[in-house]
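The opening position of the sequence shown corresponds to residue 1 in UniProt numbering, with each subsequent residue numbered one higher. Below is one structure; the comments refer to it alone.
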Amino acid sequence: MKLQNSFRDYTAESALFVRRALVAFLGILLLTGVLIANLYNLQIVRFTDYQTRSNENRIKLVPIAPSRGIIYDRNGIPLALNRTIYQIEMMPEKVDNVQQTLDALRSVVDLTDDDIAAFRKERARSHRFTSIPVKTNLTEVQVARFAVNQYRFPGVEVKGYKRRYYPYGSALTHVIGYVSKINDKDVERLNNDGKLANYAATHDIGKLGIERYYEDVLHGQTGYEEVEVNNRGRVIRQLKEVPPQAGHDIYLTLDLKLQQYI
């Protein structure tokens, strides 16, 4: 054993150890460099990109519909005005199980099969992360019942909207016309005219008569609010608001009493 040790080349072994240590050091140095480069890329180079993505997930722009202008006769009698209605809406992407939620809503807001069918039809043609109407024209009792049970329905909320109201029914339809839900043809026309963004929160548009002819005058300018939302899409606080501009009122030369007499 002593004879074998006398022939060991300690110089070569020492050089081999130094080379191995140097390779290991260079490997560690290289990995550390890669890690630092990745951290620099994440924290400095792509900081703005990730910050924007985070803000997009946390901050939302919610359009606010303007109040449509009122139509009066020559004596100031309102022929077409607005009244508030309430509807329940759902954002499917924020709901764990859409079907179970719809079933649970039946007993809360008297949801019907027709309501569910209309919801599914609207959902099929809507973009992702869009609130879709589930039931419209809620009564005060239905609104109150949902308010008590809202904690059970993340991603579902009640919203109020202005709906056109004609106090004299169809008697003046041939003159006043009417508004109705915006359809695909309306969307195409508004897009071609560069007006689609101004209808982001609007559900109805003039279809006939004065309502259609003076649509640009009556509609107004859409506003928006910038809000912070939690991971369930529920608004935590308002950050900024640009209020909508109401549409202009119109006074006609038509005399309601004379029209009724004729």
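Every residue, glycine too, gets a C-beta built ideally from N, C-alpha and C. Just so you know, these numbers come straight off a predicted model, no measurement behind them.
Counting of Cβ neighbours within 10 angstroms places H127 among the exposed residues, the total staying below 16. Per DSSP, the beta-bridge partners of A80 are I71.
Inter-segment contact for the stretch 56-73 and the stretch 221-229 is present: three or more beta-carbon pairs are separated by less than 8 Å.
Ranking D204, I236, I250 by CA distance to the CA of V217 puts I250 first.
Here the alpha carbon of G27 sits roughly 10 Å from the alpha carbon of R20.
When the beta-carbon positions are compared, S67 and A246 come within less than 8 Å of each other. Remark: C-beta atoms of K159 and Y178 do not approach each other more closely than 8 Å.
Assignment of beta-bridge partners to K159 by DSSP yields Q87.
If you draw a 10 Å sphere on the C-beta of Y40, you find fewer than 16 other C-beta atoms in it, and that means exposed.
Nearest to E140 by C-alpha distance, out of V175, E89, I85, D204, is I85. Taking a contact as a CB-CB distance under 8 Å, the pair Y166 and I176 counts as one, their CB atoms being some 7 Å apart. By the neighbour-count criterion, in which a residue is buried when 16 or more other Cβ atoms sit within 10 angstroms of its Cβ, I36 is exposed. A straight-line Cα-Cα distance of about 17 Å links R212 and Q221. Residue pairing by DSSP places I59 opposite E228 in a beta bridge.
Taking C-alpha positions only, V18 is separated from T32 by approximately 21 Å. For Q142, the closest C-alpha among the options L111, I116, Q260, K162 is that of L111. DSSP places R128 in the coil class of the three-state scheme, outside both helix and strand.
When beta bridges are read from the DSSP output, G223 appears opposite I64.
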